[in-house]
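Q: Quick one: this structure, given as C-alpha cells, is what I'll be asking you about.
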Amino acid sequence: GEDVEQSLFLSVREGDSSVINCTYTDSSSTYLYWYKQEPGAGLQLLTYIFSNMDMKQDQRLTVLLNKKDKHLSLRIADTQTGDSAIYFCAETRPSGNTPLVFGKGTRLSVIA
Amino acid sequence: NAGVMQNPRHLVRRRGQEARLRCSPMKGHSHVYWYRQLPEEGLKFMVYLQKENIIDESGMPKERFSAEFPKEGPSILRIQQVVRGDSAAYFCASSPQGALNEKLFFGSGTQLSVL
Chain A
1 GEDVEQSLFL SVREGDSSVI NCTYTDSSST YLYWYKQEPG AGLQLLTYIF
51 SNMDMKQDQR LTVLLNKKDK HLSLRIADTQ TGDSAIYFCA ETRPSGNTPL
101 VFGKGTRLSV IA
Chain B
113 NAGVMQNPRH LVRRRGQEAR LRCSPMKGHS HVYWYRQLPE EGLKFMVYLQ
163 KENIIDESGM PKERFSAEFP KEGPSILRIQ QVVRGDSAAY FCASSPQGAL
213 NEKLFFGSGT QLSVL
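Protein chains in written order, with the working numbering: chain A, 1 to 112; chain B, 113 to 227.
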C-alpha cells in the first residue's frame, strides 16, 4: 500500500514502557522519524533513525528498525503523564519530491 | 533563534470567504512546506516552496488553493471561497536546504474553522 500505518490508540500505566509501532512503505527510505504532537501544538521532532541502523537509543527513547519487514517501533521507558500525546511515524521517500510522509498517528494515553 | 512562526493560531471564516495563512520559516531556512491535518488524520503534504518558486504542489487541491513564498516576507497559503471541508489544522515546516533527508521544523499550526 501507499500509506504509513500505525495503530490509532495506546493506553499504558505510568511507569510502564510504551511501544508504538509503525509500518512504512518505501524500502528506499533513508530516514525514518518519530514526531510528537501535544494538544493544540505543532509537531516536535523526537528522534530519527538512518536506514542503515537497526537501533537507536536516546535517554528514555529506543527506536528499533526492521528493514526487511519495513517495521519501525518507538519504545518509551518509564512512561510519564507528560508523554501523553499523539506520536507520528514519518518516512522520507527519495523517489519523489515529498519530503516526509506521515502515518495517522498513535494517541498515547498515560494513566496515573 | 525563533522557530517556525505561523499566524494566526485560529482563524474562523464563513463559507465563501477567503482564508490567508502565514508562515515565517526559521532564520536561515529558505524551504517551506505546507501540510494539512484533518480531524483524526495524519498530516498530508500540500506544497513545497523555495523562495519565489513552487517546487512541488502535487498535494494541493486543483481549485481554490494557492501558495506563495515571496523574496521578502512570509509564505502565504491562500484558500478562496472556503467550504466546511477546508476546516483543518494547517502546518508549515521549514528546512535550510531542501535536501530530502533534512529534518523539518514545524510551526504550531493554524486551526481553520469554516462556519
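We put the beta carbon where it would ideally sit given N, CA and C, even for glycine.
1) Is it a yes or a no for the segment 3-10 of chain A touching the segment 47-55 of chain A, going by three-plus beta-carbon pairs under 8 Å?
2) List the endpoints of the continuous beta strand (DSSP E) containing valine 195 of chain B.
3) Assuming tyrosine 24 of chain A is part of the beta strand (DSSP E), what are its boundary residues?
4) Quick check on DSSP: helix, strand or coil for threonine 81 of chain A?
5) Can you name the residues that DSSP bridges to alanine 114 of chain B?
6) Taking the alpha-carbon positions, what's the asparagine 66 of chain A to cysteine 135 of chain B distance?
7) Using a 10 Å radius around the Cβ and a threshold of 16 neighbouring Cβ atoms, would you call histidine 122 of chain B buried or exposed?
8) How would you write the range of the beta strand (DSSP E) that glutamine 223 of chain B sits in, first residue to last?
9) Taking phenylalanine 9 of chain A as the query, report the chain B residues whose CB atoms sit under 8 Å from its CB, ordered along the chain.
10) Residues in its own chain within less than 8 Å of glutamate 153 of chain B by CB, not counting five upstream and five downstream?
11) Using a Cβ-Cβ cut-off of less than 9 Å, list which residues of the segment 28-55 of chain A approach chain B; keep chain order.
12) With a cut-off of 8 Å, do at least 3 Cβ pairs link the segment 69-89 of chain A to the segment 124-140 of chain B?
13) Rounding to the nearest angstrom, what Cα-Cα distance links serine 221 of chain B and alanine 114 of chain B in this structure?
14) Give the single residue among B:Phe177, B:Leu155, B:Met138 whose Cα lies nearest to the Cα of glutamine 193 of chain B.
15) Distance, Cα to Cα, serine 17 of chain A vs leucine 45 of chain A?
16) Helix or strand or just coil, what does DSSP make of valine 124 of chain B?
17) So that I know if they touch, is there some Cβ in chain A lying closer than 9 Å to that of leucine 216 of chain B?
18) Can you tell me whether glycine 1 of chain A is helix, strand or coil according to DSSP?
19) Who are the Cβ neighbours of glutamate 169 of chain B in its own chain at under 6 Å, not counting the five residues just before and after it?
20) Does the beta carbon of leucine 155 of chain B sit closer than 9 Å to a beta carbon anywhere in chain A?
A: Reading from the atomic positions:
1) no
2) No beta strand (DSSP E) contains valine 195 of chain B, which DSSP labels as neither H nor E.
3) Unbroken run through tyrosine 24 of chain A: none, as it is neither H nor E.
4) helix
5) Answer by DSSP bridge pairing: none, since alanine 114 of chain B is not bridged.
6) 36 Å
7) exposed
8) 222-226
9) Those do not exist, as phenylalanine 9 of chain A stays about 11 Å from chain B at its closest Cβ, beyond 8 Å.
10) none
11) Thr30, Tyr31, Tyr33, Tyr35, Gln37, Gly40, Ala41, Gly42, Leu43, Gln44, Leu45, Tyr48, Phe50
12) no
13) Position check: residue 221 of chain B holds glycine in this sequence, whereas serine was assumed. Rounded to whole angstroms, glycine 221 of chain B to alanine 114 of chain B spans 15 Å at the Cα level.
14) B:Phe177
15) 20 Å
16) strand
17) yes
18) Bear in mind that the predicted position of glycine 1 of chain A carries a pLDDT of just 46, short of 50, making it unreliable; the figure below should be weighed with that in mind. If DSSP states are grouped into helix, strand and coil, glycine 1 of chain A belongs with coil.
19) Val159
20) yes
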